[in-house]
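Let me begin by presenting the structure, written as structure tokens, before commenting on it.
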Amino acid sequence: MQSLRYASILLLIVGCTKKTPTEAPREIKLYQNWELQPGQVVGGHAVVSGLGDLSIALKGDAVYAPFDGRVQPHNSSCVIFSSEEIPVYLFRLCGLRSLNFGFLSAGDTIGSGKELQIAVLTRQPDGRWALVEPSKKIIEQMLLR
Numbered sequence: 070m071q072s073l074r075y076a077s078i079l080l081l082i083v084g085c086t087k088k089t090p091t092e093a094p095r096e097i098k099l100y101q102n103w104e105l106q107p108g109q110v111v112g113g114h115a116v117v118s119g120l121g122d123l124s125i126a127l128k129g130d131a132v133y134a135p136f137d138g139r140v141q142p143h144n145s146s147c148v149i150f151s152s153e154e155i156p157v158y159l160f161r162l163c164g165l166r167s168l169n170f171g172f173l174s175a176g177d178t179i180g181s182g183k184e185l186q187i188a189v190l191t192r193q194p195d196g197r198w199a200l201v202e203p204s205k206k207i208i209e210q211m212l213l214r
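Everything in the sequence shown is counted per this note's numbering, starting at 70 for the first residue and increasing by one.
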């Protein structure tokens with residue numbers, strides 16, 4: 070019985086361990102530049118979204134890869150999802166935990182959380198990224214497996 074208790078404690082510790090990315094954060098040069106960005110701190114409080122972000126109440130639910138793609142760190146509270154299927158777009162996802170970094174297949178879990186702040190960016194001819202309106206269809210793919 071005691072070995073079962075130790076196994077349960079070990080499983081709890083391992084299951085709650087935060088996954089850390091194995092690569093450096095991806096830098097994105099925005100076409101539109103605001104002073105405050107998600108992941109920054111102002112007045113001792115975290116900025117969790119900004120102009121161009123859409124906030125969705127997840128209530129602990131998961132967010133799924135809408136296509137085969139890659140999850141990369143961006144800053145302390147956000148990740149970037151990119152896909153060769155739509156190479157001129159990036160998805161900035163903030164507010165998720167239990168993140169899965171690296172290459173994912175469509176339908177794989179990216180992470181979960183209480184709220185998701187999502188921004189969709191499109192590549193400009195000069196190499197910078199501009200915020201664009203998110204597609205309802207793609208967001209539904211990210212929320213429903």
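Yeah, the Cβ is synthetic: ideal placement off N, Cα and C, and Gly gets one too.
For Gln210, the enclosing alpha helix (DSSP H) starts and ends at 205-212.
In the three-state reduction of the DSSP assignment, Leu190 falls in the strand class, which pools E and B. In this chain, the beta strand (DSSP E) harbouring Ser181 covers 178-181. Just measuring C-alpha positions, the residue of Pro94, Cys147, Glu154, Ile155 sitting nearest Gln186 is Cys147. Annotated three-state conformation of Phe172 is strand, per DSSP. Contact between Asn144 and Gly119 is ruled out by a C-beta separation of about 12 angstroms, above the 8 angstroms threshold. Judged by beta-carbon spacing, Asp177 lies beyond the 8 angstroms limit of Ala115, meaning their Cβ atoms are not closer than that value. Judged by beta-carbon spacing, Gln101 lies beyond the 8 angstroms limit of Leu168, meaning their Cβ atoms are not closer than that value.
When C-alpha distances from Gly138 are compared across Val117, Phe160, Leu127, Thr89, the shortest belongs to Phe160. Ala188 counts as buried, since no fewer than 16 other beta carbons sit within 10 angstroms of its beta carbon.
Within the same chain, Cβ atoms closer than 8 angstroms to the Cβ of Ile97 are found at His143, Ile149, Leu159, Arg161, Leu190, Trp198, the five residues on either side in sequence being excluded.
Take the alpha-carbon of Leu105 and the one of Phe136: they are about 30 angstroms apart. Residue pairing for Gln141: DSSP places it in a beta bridge opposite Ile149.
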